[in-house]
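Below you'll find the structure, written out as structure tokens, and then a few comments.
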Amino acid sequence: MVVDTLQQPVGKQIIKHPDCAIVDFTGSIAFGRWVEQNAWPALAFTETAGCNTVGTRVVLPIAAQLEAAIRSLATTASMFSAQMCTSPQNFYIPADGVTVGQARVPFQVVAARLAAAVAEVGADPRRASMILACIQSDSTLALVRQMHEEGQARGEVLLRTRYLCAS
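The sequence shown begins at 2 in our numbering and counts up one residue at a time.
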């Protein structure tokens with residue numbers, strides 16, 4: 002495991018080293034393609050550009066407790082600042098809300114509770130540092146800003162971007 006920079010891509014040197022036998026990469030499509038094309042004779046395993054979806058018609062109605070399900074979704078979505086390959090990026094909530102038991106929970110309430118639960122993940126910087134990890138790349142930060150701007154242009158942003166620093 003190595004952390005490199007755009008200026009000094011140590012990972013490429015390691016992948017091309019003759020003693021490298023297996024490469025296991027999770028990340029961008031661009032670098033994943035480079036790995037696949039350049040790792041030989043090493044075995045290369047790549048997982049790139051995961052986009053995971055949660056359908057709330059499936060998850061929330063069967064949850065015994067709505068709040069527990071929402072907390073779980075918020076934590077999962079926040080893992081490694083949503084860079085975890087299994088982090089869901091898309092939540093589909095029916096416009097008329099979800100039925101939990103015998104109660105109907107409106108869309109706005111479910112969305113607001115999910116946003117509040119994500120905010121709670123980052124409420125304690127020490128705890129947040131264990132869940133959120135770090136964003137190392139300026140290009141990733143630029144993507145976060147772009148997504149925030151696009152969200153504002155397309156509709157209501159329920160939770161603004163925050164930058165945390167654990168002390």
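Even for Gly, the Cβ is constructed at its ideal location relative to N, Cα and C.
(request) Determine the extent of the alpha helix (DSSP H) in which D139 is found, giving its start and end residues. (result) 139-155
(request) Report buried or exposed for A75, applying the criterion of at least 16 other Cβ atoms within 10 angstroms of its Cβ. (result) buried
(request) Could you give the DSSP three-state label for L44: helix, strand or coil? (result) strand
(message) Pairs of beta-carbons, one from the segment 133-150 and one from the segment 101-110, closer than 8 Å: are there three or more?
(response) no
(message) Restricting to Cα atoms, I'd like to know which of V24, A96, I132 is closest to V111.
(response) A96
(request) Use the C-beta contact count for G12: other C-beta atoms within 10 angstroms, 16 or more gives buried, fewer gives exposed. (result) buried
(request) Compare the beta carbon distance of A116 and L160 with 8 Å and say whether it is the shorter of the two. (result) yes
(message) Between the alpha carbons of R114 and R127, how many angstroms are there, rounded?
(response) 22 Å
(message) With DSSP as the reference, identify every bridge partner of R127, one or two as the case may be.
(response) Answer by DSSP bridge pairing: none, since R127 is not bridged.
(request) Check the DSSP bridge columns for A104 and list the partner residues they point to. (result) V101
(message) Tell me the DSSP secondary structure of I136 in three-state form.
(response) coil
(message) By the three-class DSSP mapping on this structure, what secondary structure does Q90 have?
(response) strand
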